[in-house]
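Asks:
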Amino acid sequence: MQKSRSELVWLGLAAILAFFFVRAGIEKVIGEPAALLPFQKSGLPEWTVYLTAAGEFLGSAALFVPRLRTLGALVLVLVMFGAAVTNIANGDPQYVWTNVLLGAGSLLLAWQGRRHLPDRKST
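In this text, residue positions in the sequence shown follow my numbering: the first is 56, and each later residue adds one.
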């Protein structure tokens, strides 16, 4: 099956976002100090690190399944919203731009993926 040019662009965006999110998730799971610092600075419990990494992994995987793309992208938007709030609360607003860019890319994929959702016509 040949993919249209626009579908390849969306798939490329999904791949770029997945790369960043999977890398961030791996850094959390292996205990990379820079990845754990925001959680420690804000006093969040350790389990939130693993919950965030799970969201990053599952959301990234869902980006490649057309029927799950919207859900996965929205999970990643929530992860980036939480990251932005944490960065602001920690006094690290310089990192918020990264959160905004990754969140915006995820929102674009959520919007694009909506066409794969079943129609909800009322009868």
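Glycine included, each C-beta is placed from N, C-alpha and C at the ideal position.
#1: Return the CA-CA distance between SER59 and LEU118, expressed in angstroms with no decimal places.
#2: Report the rounded CA-to-CA distance for LEU123 versus VAL155, giving the unit in angstroms.
#3: Could you check if GLY98 is buried or exposed, using at least 16 other CB atoms within 10 Å of its CB as the buried criterion?
#4: Just to check my reading of the structure: LEU162 and VAL134 have Cβ atoms closer than 8 angstroms, yes? What is that Cβ distance to the nearest angstrom?
#5: Can you tell me whether DSSP reads PHE119 as helix, strand or coil?
#6: I believe GLU101 touches GLY80 by the beta-carbon criterion, under 8 angstroms. Please report the beta-carbon distance rounded to the nearest angstrom.
Replies: Reading it off the structure:
#1: 17 angstroms
#2: 22 angstroms
#3: exposed
#4: About 12 angstroms; that fails the 8 angstroms criterion.
#5: coil
#6: About 15 angstroms; that fails the 8 angstroms criterion.
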